[in-house]
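Engineer: Residue 140 in my numbering sits at position 114 of the sequence shown, with consecutive numbering throughout.
Every residue, glycine too, gets a C-beta built ideally from N, C-alpha and C.
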Amino acid sequence: MPTESQNMYDNPEFFAEYGSLPRSQHGLAAAPEWPTLEDMIVNPKSSPTGPSEKPLKGSRILDLGCGYGWFVRWAREKGAAYVKGVDISENMINRAKGFDAEMNHQTRNGVVVVGPATEVIIEIHDLETIDLNHSHEHGLYDIVYSSLAFQYIEDIVRLFRQIHGCLRKGSSHGQRGRLIFSVEHPIVTAPVNPTPGYRVIREASEDWKLWPLNSYSSEGLRLTSWLGAEGVRKYHRIVETYVTALLENGFVLTGLRKWCPSKEDATGLAKSKNIEGHRPNFLLISAEVRE
């Protein structure tokens, strides 16, 4: 049985540090990989009807590891009929509920504007033990989305099975249920006892920036330091493991992308001088249920 998920975010000091990140303060616009994820969501390659002007309108969407609720807000703005966000952290859930309430009471020129007609549910759940196959949610969702949460999950096969069960096997939009998610790229999660970052070596009067990769094929638990906290648990998996787990549990792969900072991205990222092209930061995957 998997261990209970680690919850760092209900530690006040850690949560305060997390709140200082650009992603926390500015949402999806501050996530450099978001444009690629958004394209995977709104332009499914397998759609039999082709691109849609409003691809999310009327959809039912589940966000696993919703954090502050930035994606929930985005899906609501795109016209989803029902959006559910779940997270292990009470602090995260409270922040996400605050965002939802804010959308319900927006004002323009002093006049209260009614938010979009979307049912929004925000709940606390541990992704290691979440049950998505009970009668209420079985086959309910058109889209399951997750951003940078699955590398913290020990039993990814169990989670993929749960997700498969809650996705529609056919929908009014002419598509089968879809899963779109991002994780830290395995090149990032691989190192055992990871160093703070890149190393620079000088050779032939030239500096070479290197990522200290080791133990890539040795999957499993990694203990890292992040935002001033020691012992943050992550689970390293190679790309093949993610893909195989999907294929063996009822999915068809529809997209496999990596995000690597360009020169323009690196210029806009703090402490990121001269990192463009040296390694992929994120692995982005889309899949849909098989018929």
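Assuming His160 is part of the alpha helix (DSSP H), what are its boundary residues?
Structural biologist: Residue 160 sits at position 134 when you count from the first residue of the sequence shown. Careful: His160 lies outside any alpha helix (DSSP H) and carries neither H nor E.
Engineer: Given that a residue counts as buried once 16 or more other Cβ atoms are within 10 Å of its Cβ, and exposed if not, what is Gly254?
Structural biologist: Position 228 of the sequence shown, counted from the start, is the residue given in the question as residue 254. So Gly254 ends up on the exposed side.
Engineer: Within 10 Å of its beta-carbon, does Arg228 have 16 or more other beta-carbons around it, so buried, or fewer, so exposed?
Structural biologist: Counting from 1 along the sequence shown, the entry for residue 228 is found at position 202. When all chains shown are included, Arg228 counts as exposed.
Engineer: Suppose you measure from the CA of Gly136 to the CA of Asp168; what does that come to, to the nearest Å?
Structural biologist: Here residue 136 corresponds to residue number 110 of the sequence shown, with the count starting at 1. Here residue 168 corresponds to residue number 142 of the sequence shown, with the count starting at 1. With a pLDDT of only 42 at Gly136, under 50, the local geometry of the prediction cannot be trusted, and no value is derived from it.
Engineer: Report buried or exposed for Ser243, applying the criterion of at least 16 other Cβ atoms within 10 angstroms of its Cβ.
Structural biologist: Residue numbering aside, residue 243 sits at position 217 when the sequence shown is read from its first letter. Ser243 is exposed by the Cβ-count criterion.
Engineer: Using the three-state DSSP reduction, which class does Thr155 fall into: helix, strand or coil?
Structural biologist: Taking the first residue of the sequence shown as 1, we reach residue 155 at position 129. DSSP places Thr155 in coil when its eight states are reduced to three.
Engineer: Use the C-beta contact count for Gln51: other C-beta atoms within 10 angstroms, 16 or more gives buried, fewer gives exposed.
Structural biologist: In the sequence shown, the residue the question calls residue 51 occupies position 25. Counting Cβ neighbours within 10 Å, Gln51 comes out exposed, since fewer than 16 surround it.
Engineer: For Ser115, I'd like the list of residues in its chain whose CB is within less than 7 Å of its CB, leaving aside the five on either flank, ordered along the chain.
Structural biologist: The residue you call residue 115 lines up with position 89 of the sequence shown. The residues are Asn33, Tyr35, Asp36.
Engineer: For Tyr94, which of helix, strand or coil comes out of DSSP?
Structural biologist: If you number the sequence shown from 1, residue 94 lands on position 68. Coil, per DSSP.
Engineer: On a CA-only basis, which of Asp65, Glu149, Asn117 is nearest Leu88? Give me that one, please.
Structural biologist: Position 62 of the sequence shown holds residue 88. The residue with the shortest Cα to Cα distance from Leu88 is Glu149.
Engineer: Across which residues does DSSP place Arg121 in a beta bridge pair?
Structural biologist: For the purposes of this step, residue 121 is taken as the residue at position 95 of the sequence shown. Partner(s): none; Arg121 has no beta bridge.
Engineer: Where His160 and Gln188 are concerned, what is the direct C-alpha to C-alpha distance, given to the nearest angstrom?
Structural biologist: Along the sequence shown, one-based indexing puts residue 160 at 134. Along the sequence shown, one-based indexing puts residue 188 at 162. About 10 Å.
Engineer: Taking the straight line between their C-alpha atoms, what separation do you get for Glu245 and Leu185?
Structural biologist: The residue given as residue 245 occupies position 219 in the sequence shown. The residue given as residue 185 occupies position 159 in the sequence shown. Glu245 and Leu185: Cα-Cα distance of roughly 18 Å.
Engineer: In whole angstroms, give me the CA-to-CA distance for Ser31 and Gln201.
Structural biologist: The residue labelled residue 31 in the question sits at position 5 within the sequence shown. The residue labelled residue 201 in the question sits at position 175 within the sequence shown. Using only the alpha carbons, I get a separation of about 33 Å.
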